[in-house]
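Participant: I have a structure here, written as structure tokens, and I will follow up with some questions on it.
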Amino acid sequence: MLGPSADRNIPRSKKRCSSRFTADSYVYLDASVMMNSELKAYSNHRTCKRCPFLSTDSVRHPLPMALSSFLPRFSCLLFSILLISFDIVTAKLPNSAAIDCEQLHHSQFLSIQELDRACLHRSHWLKDLEARRSTEFLQKMTDSQRAYLSNLESCIGEKCRTNCESAHEKYGINCYRVRREILRPNPLRPKSIRKEYRMLSDEERENLNKAMNNLKQKMIDNVTAWDLHTLIHYPDSAPGAHWGPAFLPWHREFLRQFEQALQNEVPGVSLPYWDSTLDNGLPDPSDSVMWTDELLGNGNGYVKTGPFKNWDTNVFMPLSPVPVKKLYRTAGSRQQDRLLTERDLQWIESRSNYSELTFCHDKTFESMHGLSHVWVGGFMFVIRVSPNDPTFYMHHSFVDYVWERFRQKQQTREQRQNDWAKNTCNERHAPEAQMKPFKLRNIDGLSNDYIDFWYEYEPVRHCTKEKSYCDSKYLFCDKEAWRCRAKVMIGGLCKGFDNTDICYNSQCIENVCRFVNGTSPSPQLQTLPHLTEMVWAKTLLLSDGDLPLSSDLASVTVVGHRNVTVHMQKNVQYPEIPGIVYLPLPKPSAAISHKVYLEAKDHYGRYCQSYCRNDTIGKYQVCLPELTLKMRLDDKASNISFTHSFLSKKFLDVDLSSHPRHWLIQPPFMIFACHRKLVKSQNIMDLANEIKPSISHDDYVWFRVIVARRPGSDIDIENSVVEVSDLDDSSDVWTSSVRRAQSAYDPNVIIVRARNPMVVRRGVSVQISFKSSNRRIQCPAKCTKDSGVVDDCDGIVFLHADAERSEEKIFNADQSILQLLGWKMLGHPSQWTLRLPYLSFYC
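Structure below.
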């Protein structure tokens, strides 16, 4: 390999086959971006007659030319043998796809399921590498974007800068940053002290949040600076970032550059780490205070609380059945997932050499790193897009910290900087390969300069018998294990930690962190919009196990021109599902539609994630808590059931078009899960199916009859009398004026009375007739069968408790719902249907 100090003025015949550069000042070529002609010209200039084997091919070899100055005259022969041997070795390196991940060695420390999941993630990474996913949101990097990233990784030391500029000036080539010249950008700037996130002071955390949000808002040619950092982590940008020995050094440099970007926004800020072992010992790690508004924000769904709420992402979340393009998490939502443990760290620190931490020697460590990725879920679940979540940087800062603990414990200073894995998996992970997209070699990521000059880690002090407290308000002392652990948010589980300070701003009562007496909020009554300006809709709030919430402190806020907060219906009646909340929404019209946003909180004030019913597949899927209200159902309108009638709102999402025994209740279009686990659609359906109508034992029921005027008829039907005679009990005759019996919504429908077939087990037969001035009116009758066929009939109808035997299916004893009989009020009002009565008369 040749250095920039080559002198073109030396005659070719007198050039020596050596270099004045030591191993500390390598300059490497980015051969992948050089044309063959450039390589040839460069090679011809540096070729020695004494060593004719140093031709174009020698440029790619990582053997220091400085060695040749110490060799005897037969060194050319020996050197050529070495180069040929290196060619043979590198030619046999398999490509990534050829490696059978499942057959790779492991130390039997992780479960088969955990290892298989890592292999699955590796296959996703390789597919994304082949598909060049980065072009999905950035076709070509602009000069401004390239300059921003280049500035973060530019070589720092004077020697490095001089050598690079010299090489570029003389040969027109790109040079890598010089090894071991990773110095501080400013000697006056102190090293960063990376602390555990919960150990930051309020001011330090506020500065970090500010810096991160600045990067998220800083636009560089229509792409945020944050997204540019995410782009670097894509497989086609960083093919050696995962699944091999370059994994750790690549991320070390990646984090260094990201930390520098943060410091450019807010000087003095440091990148903290997330020690997930502090959360792992809790009854439910997803209840950790880490996932609250004060720290990282909620972990159950769209991130709607905390410093990173409502963040957009550069791409849709992979593997999601619905489009998700906002920051999203499913922290601890699956029973089989877990975080890192203290036992995991002990395994890492007990390895004897670097090789044992690399994928093709032992796939345990990189698979172990993926556990927290999977546990957090959402964008963190897919490695390619995981930097969309700030949690990524804190998790990898911890991985880097654990690696450094291994280095300090198991390696000498010389080993820390030079030991590489024997099995490099493929050429992308070779020690001398470019650490793409950076102008470094992979092995440069082992440099001691990172810890010497850039940053150091501050460990968490765990409690002891002498000092039985923790140094953060977010941690408590577990005196059984003498370890500090994360505190639990209000509403979280605290079982097994009696007489400890496990609950954050709350107390452990009956195994749950609850408000201290007198500190819980009270429901606030609010004035609703004028009834003529609004419609009613339903939603449902769920607690653990997809069970209904049962507290009137739980609420939903309708966000719009005027925010309105409504609370849970504490006492429910049929057909209401427990956990129901009625939403006052702006009334749409033919010309005006409305878009509203909802914010749901449980009785502890915790965020609840919305799910919407997909009627095509019959399942609930995650959705944004947004509703679009329109008079007609189109591709933009929400398929939510709503009504302007206060009395009718109870029967939204109910099918009243069948026999009373078969009334159908459907859960609302949008529901809110206030727990931390994945919602199971069948659980929600079961909640509705469990609501059964009570069998009325009243003496009488009511049913509908159509009475229409024939064309040309002069009968004053509205002022006539309807008579309903029981054919099995001559004493039971019901009469009423037609006008009085008319439905409030349809004058052609009257509602009449008969004995209750649920009481009269054999069924009830009644005959309906009409009179005017005490004279019977001849009104031909038609009967509508279940099949839809209409036949002539004699005006007699049979009602029975068995739906199969009953001619008229629709009847009820509750007079408050008579106007709704026959309606199927499922989904959007424009999709509602009305079932016709069995009997129709034409007078």
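With the UniProt record's numbering as the guide, the letters of the sequence shown map in order to residues 1 to 843. Here a beta-carbon is modelled for each residue, glycine too, at the ideal position from N, C-alpha and C. Here the structure is a predicted model, which is why all the values come from computation and not from measurement.
Can you list, in chain order, the residues of its chain with a C-beta nearer than 6 Å to that of Asn-280? Leave out the 5 residues immediately preceding and following it.
Facilitator: Only Leu-339 and Thr-341 meet the Cβ criterion.
Participant: Keeping to the same chain, check which residues put their C-beta closer than 6 Å to that of Gln-346; ignore five residues upstream and five downstream.
Facilitator: So the list is empty, once near-sequence residues are dropped.
Participant: Output yes or no for whether 8 Å exceeds the beta carbon distance between Cys-612 and Met-670.
Facilitator: Yes; because the gap between Cβ atoms is below 8 Å, this pair is in contact.
Participant: Kindly identify the DSSP beta-bridge partner or partners of Cys-101.
Facilitator: Cys-101 is not bridged to any residue.
Participant: What did DSSP end up calling Pro-285 once you bin it into helix, strand or coil?
Facilitator: If DSSP states are grouped into helix, strand and coil, Pro-285 belongs with the helices.
Participant: Would you kindly work out how many angstroms separate the C-alpha atoms of Phe-316 and Pro-323, rounded to a whole number?
Facilitator: Near 6 Å, if we compare the C-alpha coordinates of Pro-323 and Phe-316.
Participant: For Glu-804, count the other beta carbons within 10 Å of its own beta carbon; 16 or more makes it buried, fewer makes it exposed. Which is it?
Facilitator: Flag for Glu-804 reads exposed.
Participant: Could you check where the beta strand (DSSP E) with Gly-301 kicks off and where it finishes?
Facilitator: Run containing Gly-301: 300-302, per the beta strand (DSSP E) assignment.
Participant: Whose C-beta lies closer than 6 Å to the C-beta of Gly-579 among residues of the same chain, with five residues either side of it excluded?
Facilitator: Leu-540, Leu-541, Pro-548 and Leu-549, listed in sequence order.
Participant: What is the DSSP secondary structure of Lys-159, reduced to helix, strand or coil?
Facilitator: At Lys-159, the pLDDT of 38 sits below 50, so the modelled position is not reliable; the number obtained from the coordinates is stated separately. If DSSP states are grouped into helix, strand and coil, Lys-159 belongs with the helices.
Participant: Is it true that the segment 252-260 meets the segment 422-431, where meeting means three or more beta-carbon pairs spaced less than 8 Å apart?
Facilitator: These segments do not touch.
Participant: Within the 8 Å Cβ cut-off, does Phe-254 reach chain D?
Facilitator: In the structure shown, chain D does not exist; there is a single protein chain.
Participant: Just tell me which of Gly-496, Glu-349 and Val-516 has its CA closest to the CA of Tyr-504.
Facilitator: It is Val-516 whose Cα lies nearest to the Cα of Tyr-504.
Participant: Determine whether the beta carbon atoms of Phe-247 and Ala-238 lie at a separation below 8 Å.
Facilitator: No, they are not a contact pair.
Participant: Would Phe-379 and Thr-313 qualify as a contact pair, given that the criterion is a beta-carbon distance under 8 Å?
Facilitator: Yes, the Cβ-Cβ distance between Phe-379 and Thr-313 is below 8 Å.
Participant: Excluding the 5 residues flanking Cys-119 on each side, which residues of the same chain have their C-beta closer than 7 Å to its C-beta?
Facilitator: The residues are Cys-101 and Glu-102.
Participant: Pick out whichever of Ser-107, Leu-231 and Leu-149 has its Cα sitting closest to the Cα of Gln-139.
Facilitator: Checked all of Ser-107, Leu-231 and Leu-149; the closest Cα to Gln-139 is Leu-231.
Participant: Since Leu-629 and Pro-586 are thought to touch, with beta carbons under 8 Å apart, how far apart are those beta carbons, to the nearest angstrom?
Facilitator: Right, their Cβ atoms sit about 7 Å apart.
Participant: Check whether the Cβ atoms of Leu-271 and Arg-194 sit closer than 8 Å, and answer yes or no.
Facilitator: In this structure, Arg-194 lies closer than 8 Å to Leu-271 by Cβ.
Participant: I'd like the list of long-range same chain contacts for Arg-835, defined as Cβ closer than 6 Å, with 5 residues on each side in sequence excluded.
Facilitator: Ser-657 and Gly-822.
Participant: Would the beta-carbon of Ser-731 fall within 8 Å of that of Val-722?
Facilitator: Contact: no.
Participant: Kindly indicate which three-state DSSP category His-659 falls into: helix, strand or coil?
Facilitator: In the structure shown, His-659 sits in coil (DSSP, three-state: anything other than H, G, I, E or B).
Participant: So, with DSSP's three-state summary, where would you put Phe-672?
Facilitator: It is a strand residue.
Participant: Report the rounded CA-to-CA distance for Leu-152 versus Gly-445, giving the unit in angstroms.
Facilitator: Going by the C-alpha atoms only, they are around 15 Å apart.
Participant: How many whole angstroms separate the CB atoms of Trp-702 and Val-752, which I take to be in contact at a CB cut-off of 8 Å?
Facilitator: Correct: roughly 7 Å between the Cβ atoms.
Participant: Which runs of the alpha helix (DSSP H), 4 residues or longer, sit entirely within the segment 368-455?
Facilitator: Entirely contained in the segment 368-455, the alpha helix (DSSP H) runs reaching 4 residues are, in chain order, 390-410 and 413-418.
Participant: Hey, Ala-421 and Ser-372 are a contact pair by Cβ (cut 8 Å); roughly how many whole angstroms apart?
Facilitator: 23 Å between Cβ atoms; not a contact.
Participant: How many Å lie between Arg-762 and Val-724 at the Cα?
Facilitator: Approximately 19 Å between the Cα atoms of the pair.
Participant: With distances taken Cα to Cα, identify the nearest neighbour of Ser-134 among Leu-208, Val-223 and Arg-122.
Facilitator: If we check each option's Cα against that of Ser-134, Val-223 comes out closest.
Participant: By DSSP, does Ile-684 sit in helix, in strand, or in coil?
Facilitator: Correct three-state label for Ile-684: helix.
Participant: Could you spell out the range, first to last residue, of the alpha helix (DSSP H) harbouring Ser-150?
Facilitator: Unbroken alpha helix (DSSP H) run through Ser-150: 143-153.
Participant: Does DSSP put Trp-734 in a helix, a strand or coil?
Facilitator: Three-state DSSP puts Trp-734 in a strand.
Participant: With a threshold of 6 Å on Cβ separation, who are the neighbours of Asp-791 within its own chain once the five nearest residues in sequence on each side are excluded?
Facilitator: If we look at Asp-791 and ignore the five residues flanking it on each side, its Cβ neighbours are Cys-783.
Participant: Indicate the three-state DSSP secondary structure (helix, strand or coil) for Gly-268 in the structure shown.
Facilitator: Of the three classes helix, strand and coil, the one that applies to Gly-268 here is coil, per DSSP.
Participant: In this structure, how does DSSP classify Thr-539 when only helix, strand and coil are distinguished?
Facilitator: It is a strand residue.
Participant: So, at 8 Å on beta carbons, what are the nonlocal neighbours of Asp-615 in its own chain, with the 5 sequence-adjacent residues on each side left out?
Facilitator: Around Asp-615: Asn-639 and Gly-827.
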